[in-house]
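Using mature numbering (1 follows the signal peptide of the UniProt record, and there is no 0), the letters of the sequence shown map in sequence onto residues -41 to -1, 1 to 299.
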Amino acid sequence: MASAIHQFGALMNTKGDRMLFKQMALACAMTASFTATAVHAQDSYPERPVKIIVALPAGGSADMIARVVGQKLATELKQPFVVDNKAGASGQIGTPAVARSAPDGYTLMVSPASFLTTNKSIFKSLPYDPEADFAISKLVNQPMVLVVKDKQKFPSVAAVVAAAKAAPGKLTFASSGDGSPQHLAALMFETRTQAKMLHVPYKGGAPAVNDTLAGNVDMLFAVLPEALPHIQSGRLHAVGLMAPKRIANLPNTPTMAEGGFADLNLSAWVGLFAPAKTPQPIIDKLNRAVRVALDSDIKTKLGENGMEVAPSTPEQLKQTVSQDIKLHAELVKAAGIQPQ
């Protein structure tokens, strides 16, 4: 480029021509400098602490995943990864906060699928595009399990369905909010069993579990990691697993199919995301770091808590988001839920 500018400059004879030449040379120099600075920033990323926003309260599975994975990312990338909980409004406080952040890799999000998939159907508009924005990598898959406090009243899936049909809209189920994985699992259950129940939303999985433990609601379609300790302690009874086969964590809990209700499988995945227009080199660097993190000792730790590590490419995660938007839209429509 310098040679071409020099040759062009030789043709400049008038004062105006020489001024134009100087302006062009300055513009080229500034462009080169800006490009070099941007490349350096991406190569040296991260140079300061990184914030991970979780649009749910502390104590839930997404929060736990963010903290465990964040610690490993900090080790791998030599900077702190700090979790910031921005709970409420079915993810519509924390998720837009990430979407509005500078696309520089210093504000990320660990989110359950529902805030990017189900929310597309239950809200009239979103301040972000879940199919175009965000994707870095899927982190884990989490089975859903139906749990109750009163084992005598609800010993099986069939007993739950019978009780719900005997008193439509009377049995209550908790969730971590409208459009949450727990809510979506219940919608699938209602649609495919023709049972009608009353939804009681909470601001996160932890308070939903707590009220189920207290007997204030009849049941919870729980993300397994949130309910597993209480199932193992006997404080909650696992009625049925929304998975194609039994799992090692709950060897004595039957699947929904075993309970007489096939095609009731749902996994609540959690992913790592960044604002739209985050430079691809930063996305790729984070994706590689996630793969290293999930292939460490936390693979065993997460597995013990009912989670299956499931790293992906950004493209694979975008495809998963698009597929789940369609599936969840069908469930929301079948349930007769109108967008807010």
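Using N, Cα and C, we set each Cβ at its ideal position, and we do this for glycine too.
Between P5 and the rest of its own chain, which residues show a CB-CB distance below 6 Å, the 5 nearest in sequence each way excluded?
The count along the sequence shown starts at 1 and reaches residue 5 at position 46. Answer for P5: L36 and Q38, listed in chain order.
Just list the alpha helix (DSSP H) runs in the segment 260 to 287, keeping only unbroken ones of 4 residues or longer that don't cross its boundaries, in chain order.
Those alpha helix (DSSP H) runs which fall completely within the segment 260 to 287 and span 4+ residues do not exist here.
For the alpha helix (DSSP H) containing G190, name the first residue and the last one.
The sequence position of residue 190 within the sequence shown is 231, counting from 1. At residue 190 the sequence reads Ile, which differs from the Gly that was named. It spans L183 to S192 - the alpha helix (DSSP H) in which I190 sits, taken as one unbroken run.
Can you give me the C-alpha to C-alpha distance between G47 and A126, rounded to a whole angstrom?
Within the sequence shown, residue 47 is the residue found at index 88, counting from 1. Within the sequence shown, residue 126 is the residue found at index 167, counting from 1. Their backbone Cα atoms lie some 31 Å apart in a straight line.
On the three-state DSSP scale, how would you describe A197?
For the purposes of this step, residue 197 is identified with residue 238 of the sequence shown, where counting begins at 1. Residue state, collapsed to three classes: strand.
How about D2: is its C-beta nearer than 8 Å to some C-beta of chain C?
The displayed structure is made up of one protein chain only, and chain C is not part of it.
Which residues mark the beginning and the end of the alpha helix (DSSP H) in which I81 is found?
On the sequence shown, position 122 is the one that residue 81 refers to. It spans N78 to I81 - the alpha helix (DSSP H) in which I81 sits, taken as one unbroken run.
Could you spell out the range, first to last residue, of the beta strand (DSSP E) harbouring V28?
Counted from its first residue, the sequence shown places residue 28 at position 69. Segment S20 to L36 is the alpha helix (DSSP H) holding V28; no beta strand (DSSP E) there.
Please return the same chain residues whose Cβ sits closer than 6 Å to the Cβ of V176, not counting the five positions on each side in sequence.
Along the sequence shown, read from residue 1 onward, the residue named residue 176 stands at position 217. Within the same chain, V176 has close Cβ partners T131, A133, V159 and D170.
Would you report the Cα separation of Y65 and K108, rounded to the nearest angstrom?
To locate residue 65, count along the sequence shown from 1; it is residue 106. To locate residue 108, count along the sequence shown from 1; it is residue 149. Cα to Cα, Y65 sits roughly 42 Å from K108.
Identify, in the order they occur along the chain, each residue of the same chain with its Cβ nearer than 6 Å to the Cβ of residue 308, setting aside the five sequence neighbours on each side.
This structure cannot speak to residue 308, because the chain is shown only from -41 to 299.
Confirm, please, whether the CB-CB distance from F180 to Q68 is below 8 Å.
Walking along the sequence shown from the start, residue 68 turns up at place 109. Walking along the sequence shown from the start, residue 180 turns up at place 221. What sits at residue 68 in the sequence shown is Met, not Gln. Cβ atoms of M68 and F180: not closer than 8 Å.
On the criterion of 16 or more Cβ atoms from any shown chain inside 10 Å, does S84 qualify as buried, or is it exposed?
Here residue 84 refers to the residue found at position 125 of the sequence shown. In the assembly as shown, S84 is an exposed residue. Its beta-carbon has fewer than 16 other beta-carbons within 10 Å.
In chain order, what residues of the same chain have a beta carbon less than 7 Å from the beta carbon of K162, not counting five sequence neighbours either side?
The count along the sequence shown starts at 1 and reaches residue 162 at position 203. Hits under 7 Å: P16, A46, G47 and G136.
Can you tell which of G262, I95 and Y87 has the C-alpha that lies nearest to the C-alpha of residue 314?
Any property of residue 314 remains undetermined from this structure, which presents the chain solely from -41 to 299.
Using only the alpha-carbon positions, how far apart do V41 and G199 sit?
Stepping through the sequence shown from its first residue, residue 41 is reached at position 82. Stepping through the sequence shown from its first residue, residue 199 is reached at position 240. Straight-line Cα distance between these residues: approximately 36 Å.
Using 8 Å as the cut-off, can you tell me whether the segment 279 to 294 makes contact with the segment 71 to 79, which would need three or more C-beta pairs spanning the two stretches below that distance?
Short answer: they touch.
Can you give me the Cβ contacts of A248 inside the same chain, cut-off strictly under 7 Å, excluding the 5 residues immediately before and after it?
Along the sequence shown, read from residue 1 onward, the residue named residue 248 stands at position 289. Counting only Cβ-Cβ distances below 7 Å, and skipping sequence neighbours, we find L32, E35 and L36.
Taking the C-alpha atoms as reference points, what is the distance between G230 and L276?
Taking the sequence shown and counting its residues from 1, the one referred to as residue 230 is at position 271. Taking the sequence shown and counting its residues from 1, the one referred to as residue 276 is at position 317. Straight-line Cα distance between these residues: approximately 8 Å.
Please report the straight-line C-alpha distance between D2 and Q297, rounded to a whole angstrom.
Position 43 of the sequence shown, counting from 1, holds the residue named residue 2. Position 338 of the sequence shown, counting from 1, holds the residue named residue 297. Roughly 46 Å between the two C-alpha positions.
Residue 362 (DSSP reduced to helix, strand or coil)
What the structure shows of the chain is the stretch from -41 to 299, and residue 362 is not part of that stretch, so it cannot be assessed.
Is S49 helix, strand or coil when you go by DSSP?
As a first step, residue 49 must be located in the sequence shown, where it is residue number 90. Note: S49 maps to helix in three-state DSSP.
By DSSP's criteria, P93 is part of a beta bridge. Which residues make up the other side?
If you number the sequence shown from 1, residue 93 lands on position 134. Checking the sequence shown, residue 93 turns out to be Phe, not Pro. According to DSSP, F93 bridges with A233.
According to DSSP, is P240 helix, strand or coil?
Numbered from 1 along the sequence shown, position 281 holds the residue referred to as residue 240. P240 carries a helical assignment under DSSP once its states are collapsed to helix, strand and coil.
Residue(s) in a DSSP beta bridge with Q226:
Within the sequence shown, the letter at position 267 stands for residue 226. Reading the sequence as shown, one finds Ser at residue 226 and not Gln. DSSP lists P102 as partners of S226.
Beta strand (DSSP E) segment containing F113, residue limits:
Taking the sequence shown and counting its residues from 1, one reaches residue 113 at position 154. No beta strand (DSSP E) holds F113; DSSP gives it neither H nor E.
Tell me the DSSP bridge mates of Q44?
Numbered from its first residue, the sequence shown carries residue 44 at position 85. The sequence shown places Asn at residue 44, not Gln. Paired residue(s): V13.
On the premise that A227 lies in contact with M147, defined as a C-beta separation below 8 Å, what is that separation, rounded to the nearest angstrom?
Counting from one through the sequence shown, the residue named residue 147 turns up at place 188. Counting from one through the sequence shown, the residue named residue 227 turns up at place 268. 12 Å between Cβ atoms; not a contact.
DSSP three-state label for M147, please.
Numbered from its first residue, the sequence shown carries residue 147 at position 188. Helix.
Which residue marks the beginning of the beta strand (DSSP E) containing M68, and which one marks its end?
Translated into the one-based positions of the sequence shown, residue 68 becomes position 109. Element bounds for M68: T66 to P71.
In chain order, what residues of the same chain have a beta carbon less than 7 Å from the beta carbon of T152, not counting five sequence neighbours either side?
Locating residue 152 in the sequence shown gives position 193, where the first residue counts as 1. V120 and F220.
By the three-class DSSP mapping on this structure, what secondary structure does V120 have?
The sequence position of residue 120 within the sequence shown is 161, counting from 1. V120 falls in the helix class under three-state DSSP.
Name the residue from G19, E217 and A117 whose alpha carbon lies nearest to the alpha carbon of A167.
To locate residue 167, count along the sequence shown from 1; it is residue 208. Nearest C-alpha to A167: G19.
Given that a residue counts as buried once 16 or more other Cβ atoms are within 10 Å of its Cβ, and exposed if not, what is S192?
Translated into the one-based positions of the sequence shown, residue 192 becomes position 233. Exposed.
Considering only residues of the same chain and omitting the five flanking positions on each side of R26, which have a CB-CB separation below 7 Å?
Position 67 of the sequence shown holds residue 26. V42.
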